[in-house]
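In my numbering, the protein residues as written are 45 to 286. Here the structure is laid out as structure tokens; the discussion comes afterwards.
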Ligand SMILES: [Zn+2]
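The structure is reproduced here in structure tokens:
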């Protein structure tokens, strides 16, 4: 089992861990703890490095299989053995871009639900851009501009973002969570991770987020399109803060 360090501290960039499993076929190793986000919920996996002494391994991606996070290493590097003690670090530019973008998507969800009562049906996050689909009958230029102004206002309000891990029964009593797909969570899951943008949005979510909406920066709605009668897609972009 891998302890998911990113779940409780999304700003953790470096960590120490031990190899708990080796998968030579896929050139991957599992660790007892990891700060690497293994992908999921529309957010791509982290990249970065692991090292043992002078040996440095490039981590191309991570993936959660069962209760373990596997780290896929560059093919021309030998695999460290089970039990090896490593230190690791994230490609922080990539991760922080994804954190800002993920929180931006939740701002958009929160605003669209608050102002129009529309639920999200899907989405995808890339560094500094993303798209999100909503149950929306019509979308037009004026409406898009109104939405863009409203989401930037939520950035300017500098709302705190709180991440909590709650017992299942407690999470199921939060009315805001009912509109998300919490009721689809498998029976076996006893804890629910909840990401709340204070006063705006609350979701069951496994991703990594910034601590405050101010960190997201200026947002632009760069495109929108119809994906069916009651499905509209909105494309967002963030500013590169260098
Ligand atoms: Zn999310």
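The beta carbon of each residue, even a glycine, is placed where N, CA and C say it ideally should be. It should be emphasised that the depicted structure is a prediction, and the values quoted were computed from it without experimental measurement.
Nearest to residue i (by Cα), restricted to the options the options
i, options, result
"residue 74", "55, 68, 64", "64"
"residue 275", "134, 180, 143", "180"
"residue 256", "108, 145, 161, 109", "145"
"residue 254", "48, 54, 45, 238", "54"
"residue 177", "150, 50, 138", "150"
"residue 57", "72, 101, 104, 81", "81"
"residue 160", "194, 148, 78, 139", "194"
"residue 110", "45, 209, 211", "45"
"residue 196", "217, 147, 165", "147"
"residue 172", "265, 158, 134", "265"
"residue 283", "262, 272, 273, 96", "262"
Which of helix, strand or coil DSSP assigns to residue i
i, result
"residue 240", "strand"
"residue 279", "strand"
"residue 198", "helix"
"residue 156", "helix"
"residue 148", "helix"
"residue 95", "strand"
"residue 140", "helix"
"residue 113", "strand"
"residue 259", "helix"
"residue 229", "coil"
"residue 187", "helix"
"residue 193", "helix"
Boundaries of the alpha helix (DSSP H) in which residue i is found, first to last residue
i, result
"residue 212", "212–215"
"residue 180", "Where residue 180 is concerned, there is no enclosing alpha helix (DSSP H), given that its DSSP letter is neither H nor E."
Ligand 1 heavy atom lying under 8 Å from the CB of residue i
i, result
"residue 150", "yes"
"residue 58", "no"
"residue 205", "no"
"residue 249", "yes"
"residue 86", "yes"
"residue 115", "no"
"residue 239", "yes"
"residue 146", "yes"
Residue span of the beta strand (DSSP E) that contains residue i, given as start and end
i, result
"residue 168", "164–170"
"residue 106", "99–109"
"residue 345", "Because the chain spans 45 through 286 in this model, residue 345 falls outside it and cannot be assessed."
"residue 67", "58–67"
"residue 129", "129–134"
"residue 247", "245–248"
Distance, residue j Cα to residue i Cα
i, j, result
"residue 131", "residue 183", "49 Å"
"residue 141", "residue 229", "28 Å"
"residue 298", "residue 259", "Nothing about residue 298 can be reported from this structure: the residues present for the chain run from 45 to 286 only."
"residue 236", "residue 215", "6 Å"
"residue 243", "residue 126", "46 Å"
"residue 233", "residue 186", "43 Å"
"residue 115", "residue 50", "15 Å"
"residue 270", "residue 88", "25 Å"
"residue 163", "residue 153", "7 Å"
"residue 268", "residue 250", "26 Å"
"residue 220", "residue 213", "14 Å"
"residue 200", "residue 60", "37 Å"
"residue 281", "residue 137", "16 Å"
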